[in-house]
Amino acid sequence: MKKFTLIGLLCAAFLLGYGFSRFTNPVNSGPRVTGIGGIFFKAKAPAALKAWYSKNLGIRMVGYGSNFEWRQGMDSTKKGFTAWAPFKETTKYFQPS
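Each residue of the sequence shown is one higher than the one before, starting from 49 at the first, in our numbering.
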């Protein structure tokens, strides 16, 4: 009987804590990140890196790299896109960051 009481109290505490956290921190409260626009980085041999990703991982590459399509978690009808693009090691594209 003590085990069932303890288990019941633990479950009740979990549910109350979960409910309270949802009440005090609702999912759609204020601005939030909905995706990552891209991953841009420098590489010694970007063409070779793109070829490796294409051959070994089956990722379709275009001139700049690749574009991944995904669905938003809260609303799967909304699409998102993330670019993956390696740049030459000597690029000035990221300056002055």
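Beta carbons: idealized from backbone N, C-alpha and C, even for Gly.
- Item | Local Cβ density within 10 Å of Pro134, reported as buried at 16 or more and exposed below that | buried
- Message: Rounding to the nearest angstrom, what Cα-Cα distance links Phe129 and Ser102 in this structure?
- Response: 18 Å
- Message: Considering only their Cβ atoms, is the gap separating Gly113 from Trp132 smaller than 8 Å?
- Response: yes
- Pick out the complete beta strand (DSSP E) segments inside the region 79-128, 3 residues or longer, and give them in chain order. 86-91 and 114-119
- Task: Identify whether Lys136 lies in helix, strand or coil by the three-state DSSP scheme.
- Result: strand
- Item | Beta-carbon contacts of Leu97 that lie in its chain and below 8 Å, excluding the five residues immediately before and after | Ala91 and Pro134
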